[in-house]
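*Asks:*
Right under this line is the structure:
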């Protein structure tokens, strides 16, 4: 009976972690979509991806601890404001300006939650003095696009949650 109970508790814990990761992964995936659109200097696609990020942010992550909920709540409005700014910006340079603070807040949120299911890389552009998150350790600069595509350095690694 104890083995069955421990087995059920293990499955419940694994399911809760999966649910947490799914919510965080949707937000992260939408953010990466914005980043990739800016890497490609595609303002129209960046608007679309920013709207997807807004939609993902509208659904609060579930299964978080009280401390994680507080952290997520402290960044929700900031992330929404920057996403909205990108979705409403009239040119790509405005979008990139909003992306600077969006990226800083995403890093703070994700490093605090520690719920990302994939490893993420914080990269830094010394020319812009701004960082971003990437799904790859290959540098693809969203602040300058093809003008300076590989300008940047790896600043930090957010390992995947176990």
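Numbering (my numbering), first residue to last: 9 to 170. Each residue gets a CB set at the ideal place from its N, CA and C atoms; glycine is no exception.
(1) To the nearest angstrom, how far is the alpha carbon of residue 116 from that of residue 153?
(2) Taking the alpha carbon of residue 65 as the reference point, which residue from 164, 145, 71 and 80 has its own alpha carbon closest?
(3) Check whether the Cβ atoms of residue 128 and residue 142 lie closer than 8 Å to each other.
(4) Can you tell me whether residue 30 is helix, strand or coil according to DSSP?
(5) Measure the Cβ-Cβ separation of residue 161 and residue 132 and say whether it is below 8 Å.
(6) Tell me where the alpha helix (DSSP H) around residue 203 begins and ends.
(7) Which of the three DSSP states, helix, strand or coil, is assigned to residue 170?
(8) Whose C-alpha, out of 125, 33, 39 and 170, is nearest the C-alpha of residue 103?
(9) Determine whether the beta carbon atoms of residue 107 and residue 32 lie at a separation below 8 Å.
(10) Compare the Cα-Cα distances from residue 67 to each of 30, 134 and 169 and report the closest residue.
(11) For the beta strand (DSSP E) containing residue 49, name the first residue and the last one.
(12) Under three-state DSSP, which class holds residue 165?
*Replies:* A quick look at the data gives this:
(1) Reading the chain shown from its first residue, position 108 is the one you call residue 116. Reading the chain shown from its first residue, position 145 is the one you call residue 153. Spanning the two alpha carbons is a distance of roughly 24 Å.
(2) Numbered from its first residue, the chain shown carries residue 65 at position 57. Of the candidates 164, 145, 71 and 80, the one whose C-alpha sits nearest the C-alpha of residue 65 is 80.
(3) Walking along the chain shown from the start, residue 128 turns up at place 120. Walking along the chain shown from the start, residue 142 turns up at place 134. Result yes, Cβ atoms of residue 128 and residue 142 sit closer than 8 Å.
(4) As a working mapping, residue 30 is identified with position 22 in the chain shown. In the structure shown, residue 30 sits in a helix (DSSP, three-state: H, G or I).
(5) In the chain shown, the residue the question calls residue 161 occupies position 153. In the chain shown, the residue the question calls residue 132 occupies position 124. The answer is yes: Cβ separation under 8 Å.
(6) Residue 203 lies beyond the stretch modelled for the chain, which goes from 9 to 170, so this question has no answer here.
(7) Numbered from 1 along the chain shown, position 162 holds the residue referred to as residue 170. DSSP places residue 170 in coil when its eight states are reduced to three.
(8) Residue mapping note: residue 103 aligns to position 95 of the chain shown, counting from 1. Of the candidates 125, 33, 39 and 170, the one whose C-alpha sits nearest the C-alpha of residue 103 is 39.
(9) Looking up residue 107 in the chain shown gives position 99. Looking up residue 32 in the chain shown gives position 24. Result no, Cβ atoms of residue 107 and residue 32 do not sit closer than 8 Å.
(10) By one-based count along the chain shown, residue 67 stands at place 59. When each option's Cα is compared against that of residue 67, the closest is 30.
(11) Against the chain shown, residue 49 aligns to sequence position 41. Run containing residue 49: none; DSSP gives neither H nor E here.
(12) If you number the chain shown from 1, residue 165 lands on position 157. DSSP places residue 165 in strand when its eight states are reduced to three.
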